[in-house]
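Quick note, the sequence shown lines up with residues 1405 to 1812 if you use the working numbering.
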Amino acid sequence: MSRGLIITKSNGNLGRTASNTDMVSAIVMNGLATDDLELDAIYELRSLDDAAALGLDADYDLVNEVLVFHHLERAFLRNPSIILHLMLVAQTVTLTEMVDKDNEYLAKVLREKNGTIVQWAVALNPVTSYEATLLTGLDADVVSAIPKAQELTAFEESKHRFSDGFIEGRSFNGTATNALDTRTLDSDGVTVVIVADTAISKAKEIYNGYAAVGDVLGLCSLAAVSQNIGELADEFNLTDANNDAFITAGLSSNKAMSEYSDADIETLHDKGHVFAESTPGKAGFWLNDSSTCTAITSDYAYKENNRTIKKAIKLARVALLPRLKRRIPVDATTGFIAKTEAKDIETALISAVTIMQSDGDVSGGIDAYVNPEQNVLADSKFECELTFVPVAIGRSITLKIGFKNPFK
């Protein structure tokens, strides 16, 4: 007996994180059916064991010469708590067809999951005889998929389902000066990914033009909605020696980053492409940024801007829903919405997004306003406003450093 010895069991040391609604993701890509997986069907994966139960493993990729399991494995490597909805489609389906709002591919996933998907990705696993037709430095299928994906995003938002996407930027031709300038586009819900793990690119000829959307999707699901997926924190380091991930980074050109000049890298960055880069003083590779396919002057030029505002919209909408088709008190003299009711609505909106301030996703300044001079009796409608101050991302830091003479 040892009465003086007290032992307590600790918890949380493994670094596991609980899944939350911001982690819910989807990926649509080409593949082949198995005994346990049908094409065009949706499967929820919470671990690689779920993938194995569908017949998806490293051998599946090897035999079929695809990167289905690879993308899934990398998504779970980046975020073991990700909730991933998977749809495999026939190898004849293009990226453009996958994201078309009138086709039953990504649109079906987003619709059936009813607004729970926060981020998604599409990837191409073509037949081995596939040859890319290049347009502005990328597979033409990628270029045509961008506006189609934006159309789908806009349609989904009209149905109150908010998400953001990544398109596999396949077969970059290696010429930065002629590359597509995504900053000239009008598709702020879409990001083009051209980063590649060179070990994967060079494993098979058909993999030469792949881009690592599985890795990027996993990192995005791991990040807080206001967090940049290229943040120079350990959890966003693409290099993972224990899992042979990104020992060397490259682009979907099948070339390593070391083969590009600093000027080329800056050009690609300015054109809004997402790729990996190293930095002196840190071992590994990180994503350069989270650019979307729109002008850099846009409020939604980066993924974290989109994810933040869309989360706020979701929360505010849920707060307002109980008032839809509900009786609204009005001032008996003017017929305007009652001031007490207007104040209650403002309070509900502020309360709804206050959790985002607690989570560090907004800086504060949360303010709501309902104009009490609205004639609800006349048209059964009223308007309200909600604003807040976002957090900033430090994309540039200037350090002034030098010697000082204490006797000067």
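Virtual Cβ for every residue (Gly too), placed ideally from N, Cα, C.
Contact set for residue i: own chain, Cβ-Cβ below 6 Å, skip 5 residues either direction
i	result
residue 1543	1536, 1574 and 1575
residue 1777	1740
residue 1585	1675
residue 1768	1761 and 1793
residue 1697	1550, 1586, 1589, 1591 and 1594
residue 1689	1642, 1643, 1650, 1653, 1680 and 1682
residue 1420	Low per-residue confidence applies at residue 1420: pLDDT is 42, beneath 50, and the placement is therefore not dependable enough to give any value.
Proximity of residue i and residue j at Cβ, strictly below 8 Å
i	j	result
residue 1783	residue 1710	no
residue 1656	residue 1615	yes
residue 1553	residue 1599	no
residue 1476	residue 1441	no
residue 1490	residue 1447	yes
residue 1499	residue 1528	yes
residue 1571	residue 1596	yes
residue 1706	residue 1693	yes
residue 1732	residue 1754	no
residue 1478	residue 1590	no
For residue i: DSSP bridge partner residues
i	result
residue 1491	1432 and 1446
residue 1686	1683
residue 1600	1654
residue 1706	1695
residue 1794	1766
residue 1540	The partner list for residue 1540 (beta bridge, DSSP) is empty, contrary to what the question assumes.
residue 1441	1438
residue 1362	The structure shown has nothing for residue 1362, since the chain only spans 1405 to 1812.
residue 1591	1697
residue 1678	1597
residue 1535	DSSP lists no partner for residue 1535.
residue 1741	1734
Endpoints, the beta strand (DSSP E) within which residue i is located
i	result
residue 1571	1568 to 1572
residue 1770	1766 to 1773
residue 1655	1653 to 1655
residue 1778	Per DSSP, residue 1778 belongs to no beta strand (DSSP E) and is neither H nor E.
residue 1508	Taken as a continuous stretch (DSSP letters only), residue 1508 belongs to no beta strand (DSSP E), as it is neither H nor E.
residue 1527	1523 to 1527
Whole-angstrom C-beta distance between residue j and residue i, which should lie under 8 Å
i	j	result
residue 1516	residue 1629	Not really, about 23 Å apart at Cβ, beyond 8 Å.
residue 1766	residue 1774	Incorrect: roughly 20 Å between the Cβ atoms, too far for contact.
residue 1468	residue 1443	About 13 Å; that fails the 8 Å criterion.
residue 1580	residue 1668	4 Å
residue 1623	residue 1680	Not a contact, Cβ separation roughly 11 Å.
residue 1658	residue 1625	Not quite, the Cβ-Cβ distance comes to about 27 Å (not below 8 Å), so this is no contact.
Chain-order list of residues whose beta-carbon lies under 8 Å from that of residue i (same chain, five-residue window excluded)
i	result
residue 1514	1430, 1521, 1524, 1556, 1560, 1565 and 1567
residue 1425	1520 and 1522
residue 1719	1756, 1757, 1759 and 1760
residue 1439	1459
residue 1808	none
residue 1647	1481
residue 1451	1480 and 1484
For residue i, the first and last residue of its enclosing alpha helix (DSSP H)
i	result
residue 1503	1499 to 1503
residue 1546	1544 to 1562
residue 1619	1617 to 1626
residue 1801	Neither: residue 1801 is in no alpha helix (DSSP H) and is coded neither H nor E.
residue 1482	1472 to 1482
residue 1649	Counting along the chain, residue 1649 falls outside any alpha helix (DSSP H), and DSSP gives it neither H nor E.
residue 1467	1462 to 1468
residue 1457	1452 to 1457
Close beta carbons around residue i, own chain, < 7 Å, minus the five adjacent residues each side
i	result
residue 1428	1487, 1520, 1521 and 1522
residue 1752	1723
residue 1763	1628
residue 1541	1576, 1577, 1579, 1582, 1583 and 1584
residue 1551	1591
residue 1639	1626
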